[in-house]
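The structure under discussion appears below in the form of structure tokens.
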Amino acid sequence: MQYDEQSNGLNGKRHRVRPAAIRVEQLTKNYYLGRTVVPALRGVNLEVKQGEFVALMGPSGSGKSTFMNLLGCLDRPTSGSYLLDGVPVSKMNSNQLADIRNQKIGFVFQSFNLLSWMTALENVELPLVYSSASRAERLRRAQQALSVVGLKSRARHRPAELSGGQQQRVAIARALVTSPSLFLADEPTGNLDSQTSTQIIAILQELNARGLTVVLVTHESDIASFAHRQVKFRDGRIVDDTGIMHWTPTTPPMAHQLNAGAVAERRSLAPTDEKQVTS
Ligand SMILES: Nc1ncnc2c1ncn2[C@@H]1O[C@H](COP(=O)(O)OP(=O)(O)OP(=O)(O)O)[C@@H](O)[C@H]1O
Ligand SMILES: [Mg+2]
Numbered sequence: 141m142q143y144d145e146q147s148n149g150l151n152g153k154r155h156r157v158r159p160a161a162i163r164v165e166q167l168t169k170n171y172y173l174g175r176t177v178v179p180a181l182r183g184v185n186l187e188v189k190q191g192e193f194v195a196l197m198g199p200s201g202s203g204k205s206t207f208m209n210l211l212g213c214l215d216r217p218t219s220g221s222y223l224l225d226g227v228p229v230s231k232m233n234s235n236q237l238a239d240i241r242n243q244k245i246g247f248v249f250q251s252f253n254l255l256s257w258m259t260a261l262e263n264v265e266l267p268l269v270y271s272s273a274s275r276a277e278r279l280r281r282a283q284q285a286l287s288v289v290g291l292k293s294r295a296r297h298r299p300a301e302l303s304g305g306q307q308q309r310v311a312i313a314r315a316l317v318t319s320p321s322l323f324l325a326d327e328p329t330g331n332l333d334s335q336t337s338t339q340i341i342a343i344l345q346e347l348n349a350r351g352l353t354v355v356l357v358t359h360e361s362d363i364a365s366f367a368h369r370q371v372k373f374r375d376g377r378i379v380d381d382t383g384i385m386h387w388t389p390t391t392p393p394m395a396h397q398l399n400a401g402a403v404a405e406r407r408s409l410a411p412t413d414e415k416q417v418t419s
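In this text, residue positions in the sequence shown follow our numbering: the first is 141, and each later residue adds one.
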């Protein structure tokens with residue numbers, strides 16, 4: 141791991157400081173449709189520190205999902221550099237990217253992407269199937285991840301037997317089961333009503349309060365206001381970045397303050413024996 145900063149501690153010793161969670165420089169991405177080039181990203185620079193909660197906004201087609209797919213190591217840039225936790229990933233091959241994804245990244249999409257024939261528990265266990273963990277260990281971790289999102293009691297339900305918000309919570313549990321350090325969510329509330337959206341954001345806030353770095357795409361400014369920082373895209377570039385300098389842990393509104401009922405409902409699904417856990 142590369143460390144990009146060093147500092148002198150009070151005792152005068154130099155010690156390592158953790159690198160930024162994300163650092164991208166001059167990132168570009170072109171798509172090719174026959175002989176047509178679609179420049180989806182035109183030189184994006186962004187640094188996200190460990191533990192930040194960042195909302196990406198911008199009009200349709202401005203490059204948000206393209207950028208998230210690069211951050212999530214689902215795709216490679218045309219040019220530019222990307223350091224994830226200090227590790228240069230932009231030149232990695234697809235096997236190396238798959239390893240990095242498993243180790244460090246949890247990704248949630250607008251359309252949940254759960255496998256319909258599997259139970260909630262089996263869906264959550266899926267990312268661990270190719271790991272060295274034993275079956276018992278995989279089950280334990282999948283149950284723990286379902287507890288984090290308050291859904292242990294729905295472990296045997298298939299996606300069709302769950303509400304939209306519950307399906308998204310299963311998708312969040314599946315993204316958490318590998319204990320990622322970076323959580324990416326591309327319009328996770330896009331298919332949900334506002335009360336259910338608030339529940340989902342409350343879960344992301346709680347995870348962030350426990351140290352997880354969160355980057356979220358949303359079209360809704362009230363959802364974005366739960367983040368510490370709002371970054372706006374237009375035509376493949378970042379055109380605005382607010383909240384970065386004056387962020388303190390107390391500044392973002394807490395979802396549970398704005399919609400206590402919704403969180404209470406979620407908590408009622410998460411009795412104390414399945415209370416939030418981190419792993
Ligand atoms: N696979 C692809 N092949 C060709 N062009 C693509 C592809 N994916 C995206 N694009 C184009 O790249 C640009 C950015 O798309 P992207 O999906 O990143 O936008 P977005 O900001 O996420 O939009 P939305 O808010 O609608 O989800 C758009 O012009 C889109 O048409
Ligand atoms: Mg998109």
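Beta carbons are placed, not taken as given, at the ideal position from N, Cα and C, and that holds for glycine.
| What first and last residue would you give for the alpha helix (DSSP H) that runs through K204? | Translated into positions along the sequence shown, residue 204 becomes position 64. K204 to L211 is the span of the alpha helix (DSSP H), which, as asked, contains K204.
| Of the residues Q308, G246, Q283 and K244, the one placed nearest L255, counting alpha carbons only | What you label residue 255 is simply residue 115 of the sequence shown in a count that begins at 1. Among Q308, G246, Q283 and K244, the Cα nearest to that of L255 belongs to Q308.
| task | Please write down, chain order preserved, every residue whose beta carbon lies under 7 Å from a heavy atom of ligand 2. | result | Residues whose Cβ lies closer than 7 Å to any heavy atom of ligand 2, listed in chain order: K204, S205, D326, E327 and V357.
| field | I378 to M197 span [Cα, whole Å] | value | Here the question's residue 378 lines up with position 238 in the sequence shown. Here the question's residue 197 lines up with position 57 in the sequence shown. If you take the alpha carbons of I378 and M197, they lie about 10 Å apart.
| query | Exposed or buried, which one is Q345 when buried takes at least 16 other CB atoms within 10 Å? | reply | Taking the sequence shown and counting its residues from 1, one reaches residue 345 at position 205. Q345 should be labelled buried.
| query | Is the beta carbon of G201 within less than 7 Å of some heavy atom of ligand 1? | reply | Within the sequence shown, residue 201 is the residue found at index 61, counting from 1. Yes, the beta carbon of G201 sits closer than 7 Å to at least one heavy atom of ligand 1.
| task | Assign Q397 to buried or exposed, taking buried as 16 or more other Cβ atoms, counted over all protein chains shown, within 10 Å of its Cβ. | result | For the purposes of this step, residue 397 is identified with residue 257 of the sequence shown, where counting begins at 1. Residue confidence for Q397 is low, a pLDDT of 48 falling below 50, so the modelled location carries little weight and cannot support an answer.
| request: Rounded to whole angstroms, what's the CA-CA distance from K231 to S293? Just pull it up for me. | output: The residue labelled residue 231 in the question sits at position 91 within the sequence shown. The residue labelled residue 293 in the question sits at position 153 within the sequence shown. In a straight line, the C-alpha of K231 is about 43 Å away from that of S293.
| request: Report yes or no: is there a C-beta of chain C within less than 8 Å of the C-beta of V227? | output: No chain C is present in this structure, which holds just one protein chain.
| task | Drop a sphere of 10 angstroms on the beta-carbon of Q339, count the other beta-carbons inside from all chains shown, and report buried for 16 or more, exposed for fewer. | result | For the purposes of this step, residue 339 is taken as residue 199 along the sequence shown, with counting starting at 1. So Q339 ends up on the buried side.
| query | By Cβ distance below 7 Å, which residues in the same chain neighbour P199 in space, the five residues on each side in sequence not counted? | reply | If you number the sequence shown from 1, residue 199 lands on position 59. If we look at P199 and ignore the five residues flanking it on each side, its Cβ neighbours are R374.
| query | Cβ-heavy atom distance between V227 and ligand 1 below 7 Å? | reply | As a first step, residue 227 must be located in the sequence shown, where it is residue number 87. Outside the cutoff, so no.
| said: V355 and L211 - do their beta-carbons sit closer together than 8 Å? | reply: Along the sequence shown, read from residue 1 onward, the residue named residue 211 stands at position 71. Along the sequence shown, read from residue 1 onward, the residue named residue 355 stands at position 215. Going by C-beta atoms, L211 is nearer than 8 Å to V355.
| said: Which same chain residues end up closer than 7 Å to I245 when comparing Cβ atoms and leaving out the 5 residues on each side of it in sequence? | reply: Working through the sequence shown from its first residue, we reach residue 245 at position 105. Excluding sequence neighbours, I245 sits near G212, C213, P320, L322 and L324.
| field | Helix, strand or coil at Q250 [DSSP, three-state] | value | Position 110 of the sequence shown holds residue 250. In the structure shown, Q250 sits in coil (DSSP, three-state: anything other than H, G, I, E or B).
| From S272 to A311, what does the alpha carbon distance come to, in whole angstroms? | For the purposes of this step, residue 272 is identified with residue 132 of the sequence shown, where counting begins at 1. For the purposes of this step, residue 311 is identified with residue 171 of the sequence shown, where counting begins at 1. Spanning the two alpha carbons is a distance of roughly 22 Å.
| said: Could you check whether the Cβ of G198 sits closer than 7 Å to any heavy atom belonging to ligand 1? | reply: Your numbering for residue 198 matches position 58 in the sequence shown. Yes, the beta carbon of G198 sits closer than 7 Å to at least one heavy atom of ligand 1.
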